[in-house]
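First the structure, in the form of structure tokens, and then the observations on it.
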Amino acid sequence: MEITEHNAKYPHTTFGVTTFTDRTDEEMKQNSALPKSTKATAWTKDNFCEPGVVVIDDYDDNDYTERNAVDWRSKNKVSPVRHQGSCGSCWSFAAIAVIESALMIRQNISEDLSEQAVLDCARDSYGHTGQYGVYRERDVPYVGYQQNCRQSTRPAYRTGGHVPIEPNADAIRRHIASQGPVAAGFTVSREFFNYRDGVYSGCSDASYGGHAIAIVGYGKDSLSGKDYWIIKNSWGTNWGNGGYVKFEAGRDLCGIESRVIAPVM
142 MEITEHNAKY PHTTFGVTTF TDRTDEEMKQ NSALPKSTKA TAWTKDNFCE PGVVVIDDYD
202 DNDYTERNAV DWRSKNKVSP VRHQGSCGSC WSFAAIAVIE SALMIRQNIS EDLSEQAVLD
262 CARDSYGHTG QYGVYRERDV PYVGYQQNCR QSTRPAYRTG GHVPIEPNAD AIRRHIASQG
322 PVAAGFTVSR EFFNYRDGVY SGCSDASYGG HAIAIVGYGK DSLSGKDYWI IKNSWGTNWG
382 NGGYVKFEAG RDLCGIESRV IAPVM
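Just add 141 to wherever you are in the sequence shown, counting from 1, and you've got our numbering.
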């Protein structure tokens, strides 16, 4: 009944049975770990990523106006979709996803990096990696719960932390087109758990906390005319469309455009 109602309410989205369909509200909340408010109230314009603060300097920012659609998957610059399990570690998966893409774009290096190390060592829900660096998955494999930070081992890569992107769709598109994928957070509604395909335009309630994901591209849906973000989730490939969701862009749906960050490599 619930899925039928969602499909009727959002005609350009397909909802169906997923691994979350039979779970309780409390079980579903375990898959989100950000504060319910996704507004970046602590950020001022002076802290936004300016043209001189870039992640990758080999891509021309001026190319943006000619790129109406970008999908870094088509360039093989996005790592495989992974599964966070029942741990509320979405932010560590989002952080690692964009770092893996940055390495592929800038250095043509494909690495399976450790979400577990970020979960163990980061001291907040943004996945800060500047102080501790990032590790390979084989050195710190994912176990799905927080362990002691292994500061005694040498990280595979050091990062410069992250920078926030100005919270508007055009600035986010510009950064994705010229630099690569970014991490973002949004407020989760119940229908999101049952997403299968189409452009997601939900956000009917805010009772499931926040969720962090990676935005790996953007485009426009020919059927609905809606702009969308291409979101890489961390709920495995059996959720959504192979682990991805087209998420409506341009109106800060569920706060998706209010808290966007990019890694500094």
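Ideal Cβ placement from N, Cα and C applies to all residues, glycine included. Note that this is a predicted model, so its numbers are computed, not measured.
For the putative contact between residue 276 and residue 258, defined by C-beta atoms under 8 Å, what is the C-beta separation to the nearest angstrom?
In the sequence shown, the residue the question calls residue 276 occupies position 135. In the sequence shown, the residue the question calls residue 258 occupies position 117. Going by Cβ atoms, the distance from residue 276 to residue 258 rounds to 4 Å, so yes, they are a contact pair.
Using the rule of at least 16 other Cβ atoms within 10 Å of the residue's Cβ for burial, across every protein chain shown, is residue 392 buried or exposed?
Position 251 of the sequence shown holds residue 392. With fewer than 16 other Cβ atoms within 10 Å, it is exposed.
Note down the Cα distance separating residue 244 from residue 145, rounded to an integer number of angstroms.
Position 103 of the sequence shown, counted from the first residue, corresponds to residue 244. Position 4 of the sequence shown, counted from the first residue, corresponds to residue 145. Distance between the alpha carbons of residue 244 and residue 145: 42 Å.
According to DSSP, what are the bridge partners of residue 355?
If you number the sequence shown from 1, residue 355 lands on position 214. DSSP, once it has assigned bridges, lists 373 as partnering residue 355.
Once DSSP output is grouped into helix, strand and coil, what is the label at residue 212?
In the sequence shown, counting from the first residue as 1, residue 212 sits at position 71. Residue 212 falls in the strand class under three-state DSSP.
What is the residue span of the beta strand (DSSP E) that residue 338 lies within?
As a position in the sequence shown, residue 338 is number 197, starting the count at 1. Taken as a continuous stretch (DSSP letters only), the beta strand (DSSP E) holding residue 338 covers 336-341.
Rounded to the nearest angstrom, what separates residue 349 and residue 365 at their Cα positions?
Here residue 349 refers to the residue found at position 208 of the sequence shown. Here residue 365 refers to the residue found at position 224 of the sequence shown. Going from the Cα of residue 349 to the Cα of residue 365 covers about 27 Å.
Run the CB neighbour count on residue 140, radius 10 Å, all protein chains shown included, and call it buried at 16 or more, exposed below.
Residue 140 cannot be examined here, being either before or after the span of the chain that is shown, 142 to 406.
Quick check: the Cα distance between residue 362 and residue 234, rounded to an integer number of angstroms?
Mapped onto the sequence shown, residue 362 falls at position 221. Mapped onto the sequence shown, residue 234 falls at position 93. The straight-line gap from Cα to Cα measures roughly 27 Å.
Span of the beta strand (DSSP E) holding residue 237?
Residue mapping note: residue 237 aligns to position 96 of the sequence shown, counting from 1. Looking at the DSSP string, residue 237 is not in any beta strand (DSSP E); the run it does join, the alpha helix (DSSP H), is 231-248.
Give me whichever residues DSSP pairs with residue 298 in a beta bridge.
Here residue 298 corresponds to residue number 157 of the sequence shown, with the count starting at 1. The partner list for residue 298 (beta bridge, DSSP) reads 275.
Are the beta-carbon atoms belonging to residue 370 and residue 397 less than 8 Å from one another?
Within the sequence shown, the letter at position 229 stands for residue 370. Within the sequence shown, the letter at position 256 stands for residue 397. Cβ atoms of residue 370 and residue 397: closer than 8 Å.
So the candidates are 378, 154, 219, 153; which of them puts its Cα closest to the Cα of residue 317?
Within the sequence shown, numbered from 1, the residue matching residue 317 stands at position 176. Ranking the options by Cα distance to residue 317, first place goes to 219.
Would you grab the beta carbon distance between residue 285 and residue 231 for me? Rounded to a whole angstrom, and I think it's under 8 Å.
Reading the sequence shown from its first residue, position 144 is the one you call residue 285. Reading the sequence shown from its first residue, position 90 is the one you call residue 231. 12 Å between Cβ atoms; not a contact.
Per DSSP, residue 383 forms a beta bridge with which residues?
Within the sequence shown, numbered from 1, the residue matching residue 383 stands at position 242. Answer is none; residue 383 lacks a bridge partner.
What is the DSSP secondary structure of residue 312, counted as helix, strand or coil?
What you label residue 312 is simply residue 171 of the sequence shown in a count that begins at 1. Of the three classes helix, strand and coil, the one that applies to residue 312 here is helix, per DSSP.
If you follow the alpha helix (DSSP H) that residue 390 is in, where does it begin and where does it stop?
Within the sequence shown, residue 390 is the residue found at index 249, counting from 1. Note, residue 390: premise wrong, no alpha helix (DSSP H); not H, not E.
Which residue wins for smallest C-alpha separation from residue 359, given the options 322, 156, 223, 327?
Translated into positions along the sequence shown, residue 359 becomes position 218. Answer by Cα proximity: 322.
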